[in-house]
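Each residue of the sequence shown is one higher than the last, beginning at 66 in this note's numbering. Input: a single structure, listed below in structure tokens.
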Amino acid sequence: MPFQRAQTQEDTKRLYCLLQSYIEDPLRAKAVKEVVIDAAPWIYAPTSKIPEYDELPTSMGYEELGDPTEIRLRRYARRLELSDETADQVDKILSWKCREYEFKLQKESEFSIAMIILLFSLCENISTLYIAENLQQPIVDYMLKANYAQMKSPPLQKLKNVRLFAGARSDERFYTACDILRSIQLIHRLPALESVAMDGMSDYQADRQFFVPATGNMKRLEITHCDISPSFLTVMISIPKALEEFKLSIGGLWTLDGADTSSEPFYIIRALYAHRHSLRVLDLDVDVGAGANAVDWDVDGNYEEGKDDGTDWEIKDQLDLYGRDRLVLDKKITTGHKMESGKEYTPTIGSLHDFPHLTHLSIGIMPLLGEYLGGFDKYGFKEPPYRLEKPAPFRLVDMLPPSLEYLCLYGYTRGQNPVVDEHIDELLAKRADRLPNLKAVGGIYERVRDIKDALHDMALAEVDEEELYVRGEGFESGWKKVEELKQN
66 MPFQRAQTQE DTKRLYCLLQ SYIEDPLRAK AVKEVVIDAA PWIYAPTSKI PEYDELPTSM
126 GYEELGDPTE IRLRRYARRL ELSDETADQV DKILSWKCRE YEFKLQKESE FSIAMIILLF
186 SLCENISTLY IAENLQQPIV DYMLKANYAQ MKSPPLQKLK NVRLFAGARS DERFYTACDI
246 LRSIQLIHRL PALESVAMDG MSDYQADRQF FVPATGNMKR LEITHCDISP SFLTVMISIP
306 KALEEFKLSI GGLWTLDGAD TSSEPFYIIR ALYAHRHSLR VLDLDVDVGA GANAVDWDVD
366 GNYEEGKDDG TDWEIKDQLD LYGRDRLVLD KKITTGHKME SGKEYTPTIG SLHDFPHLTH
426 LSIGIMPLLG EYLGGFDKYG FKEPPYRLEK PAPFRLVDML PPSLEYLCLY GYTRGQNPVV
486 DEHIDELLAK RADRLPNLKA VGGIYERVRD IKDALHDMAL AEVDEEELYV RGEGFESGWK
546 KVEELKQN
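See the structure below:
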């Protein structure tokens with residue numbers, strides 16, 4: 066039975082033999098649909114002494130001693146349109162692995178480079194890919210060439226779903242710092258791409274801050290339990306050509322620098338306005354905005370056409386990191402949508418009435434109607450009875466689009482805020498006339514927990530640590546057996 070899923074932590078010999086079997090029988094490679102890549106255990110693995118590149122002789126009799134399959138694997142790697150440097154490196158990596166009988170063991174971090182590149186190339190039916198935050202540069206270069214179709218037979222052409230996750234060396238209590246935009250640039254143009262998801266990530270000290278908007282093929286974007294600034298989020302939201310589903314939750318873990326997480330519903334919706342004619346599903350579990358303090362934040366930081374006159378080092382650096390050749394290629398396909406401007410800032414989302422195809426909405430009550438004011442408990446959290454800090458910018462029933470079929474309100478408890486109760490009662494009374502397609506409403510008669518509930522739990526000393534931290538649903542990342550593909 067072939068293996069469908071491989072994790073790259075301990076099974077280096079097993080994986081090497083598996084790739085050899087793919088060379089012998091390509092049908093086995095077609096069975097691979099899902100791949101998990103976490104190179105951190107390889108990168109930081111202990112190593113034996115190995116000869117330097119320039120110490121390796123041209124031939125050590127490998128051609129005579131080697132198994133023909135091993136020779137075929139090296140020849141296959143030579144045909145992958147890698148750069149000369151990477152091709153030489155991969156070839157020597159493979160040859161080192163075959164010389165273990167001489168105790169010249171190959172460094173595992175470099176072995177992983179060859180294995181990942183070969184895995185992507187041999188397995189043409191990969192549809193789901195999990196990527197941790199650490200990838201070596203040769204793999205990044207190879208994936209970039211594949212994403213921009215800068216080779217005759219690029220891999221990952223059937224890749225549909227990508228998920229960024231915290232690697233094995235990450236502390237699950239903290240957000241994982243990740244160069245998110247670099248990771249997205251590895252896959253955003255792939256023809257079959259449908260969804261990009263991530264959990265527990267942070268843009269803390271991320272190198273990349275720029276992306277050409279409206280160039281990504283993904284239709285679903287899921288960003289959960291993350292710590293990502295409003296300005297960075299607007300860049301991420303701008304990447305898809307036409308976003309159909311968007312899920313976002315901010316908070317739930319500890320920050321690396323001890324700072325609080327922040328979110329700005331107004332700027333999130335303003336960025337989503339570019340997708341108003343395609344967006345069908347919206348799930349926002351975020352806090353209310355910072356009010357007047359947020360107005361000065363740079364939420365329009367994605368560098369636009371014409372700003373690069375060569376004098377601003379920051380813009381030049383961002384465009385160089387992006388790659389000048391890739392910048393040209395992405396500008397050729399961008400649909401050029403921009404974030405809506407002109408509306409006066411509010412700490413809430415404002416109105417969703419201009420999203421004519423929105424059918425499913427899950428959202429916190431405060432991002433809709435505004436900040437709650439009230440007393441404080443012994444931990445400094447607000448407690449009922451509540452009131453709104455200022456009148457809501459719209460009536461709740463007026464801000465929802467007539468197309469809505471499903472509504473779920475996070476963080477609402479009847480009786481805690483009389484003004485909010487009035488909004489809910491009005492919504493229910495006018496539902497049939499104003500929202501004729503609305504079939505289901507959740508979070509009114511039974512509270513649905515929101516991110517504030519998680520933050521409240523994090524402040525309570527009596528909460529067990531195992532229940533304190535919020536992570537998304539895990540996945541099984543070990544070896545997985547599947548049925549053998551049958552030949553026609």
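All C-beta atoms in this analysis are idealised placements derived from N, C-alpha and C, irrespective of residue type, glycine included. Predicted model only: the values in this text are computed from it and were never measured.
C-beta contact flag for residue i and residue j at 9 Å
i           : j           : result
residue 458 : residue 508 : no
residue 183 : residue 155 : yes
residue 522 : residue 475 : no
residue 283 : residue 227 : yes
residue 317 : residue 505 : no
residue 175 : residue 202 : no
residue 337 : residue 302 : yes
residue 88  : residue 138 : yes
residue 225 : residue 260 : yes
residue 513 : residue 471 : no
residue 412 : residue 329 : yes
residue 310 : residue 344 : yes
residue 463 : residue 496 : no
residue 321 : residue 269 : yes
residue 453 : residue 438 : yes
residue 517 : residue 440 : no
residue 308 : residue 285 : yes
residue 426 : residue 334 : no
Burial state of residue i (16 or more Cβ within 10 Å)
i           : result
residue 195 : buried
residue 483 : exposed
residue 78  : exposed
residue 198 : buried
residue 212 : buried
residue 339 : buried
residue 215 : exposed
residue 510 : exposed
residue 433 : buried
residue 299 : buried
residue 325 : exposed
residue 398 : exposed
residue 306 : buried
residue 264 : buried
residue 235 : buried
Cα-Cα separation between residue i and residue j, rounded to whole angstroms
i           : j           : result
residue 396 : residue 275 : 13 Å
residue 116 : residue 180 : Only weak support exists for where residue 116 lies, its pLDDT of 42 falling under 50; the value from the coordinates is given anyway. One C-alpha to the other measures close to 20 Å.
residue 84  : residue 210 : 22 Å
residue 436 : residue 449 : 13 Å
residue 240 : residue 292 : 7 Å
residue 485 : residue 473 : 15 Å
residue 237 : residue 319 : 9 Å
residue 140 : residue 152 : 10 Å
residue 256 : residue 488 : 45 Å
residue 243 : residue 491 : 44 Å
residue 272 : residue 323 : 20 Å
residue 350 : residue 313 : 6 Å
residue 480 : residue 280 : 46 Å
residue 99  : residue 193 : 5 Å
residue 352 : residue 502 : 28 Å
residue 95  : residue 219 : 16 Å
residue 58  : residue 392 : For the chain, the structure presents residues 66 to 553; residue 58 sits outside this window and is missing.
residue 231 : residue 385 : 27 Å
residue 420 : residue 103 : 39 Å
residue 187 : residue 91  : 8 Å
residue 342 : residue 81  : 48 Å
Span of the beta strand (DSSP E), counted from its first residue to its last, around residue i
i           : result
residue 424 : Run containing residue 424: none; DSSP gives neither H nor E here.
residue 488 : First-last for residue 488: 483-499, but that is the alpha helix (DSSP H), not the beta strand (DSSP E).
residue 349 : 346-350
residue 336 : Not the beta strand (DSSP E): residue 336 falls in the alpha helix (DSSP H), residues 330-337.
residue 196 : 193-197
residue 503 : Looking at the DSSP string, residue 503 is not in any beta strand (DSSP E), and its letter there is neither H nor E.
residue 452 : 447-453
residue 101 : 99-102
residue 288 : 285-291
residue 471 : 471-475
Element boundaries [alpha helix (DSSP H), containing residue i]
i           : result
residue 442 : Unbroken run through residue 442: none, as it is neither H nor E.
residue 295 : 295-303
residue 207 : 202-212
residue 306 : Note, residue 306: premise wrong, no alpha helix (DSSP H); not H, not E.
residue 378 : 378-387
residue 462 : 461-464
residue 324 : Per DSSP, residue 324 belongs to no alpha helix (DSSP H) and is neither H nor E.
Original post:
Which runs of the beta strand (DSSP E), 3 residues or longer, sit entirely within the segment 210-259?
Top reply: Restricted to the segment 210-259, the beta strand (DSSP E) segments that are unbroken, complete and at least 3 residues in length are 226-230, listed in chain order.
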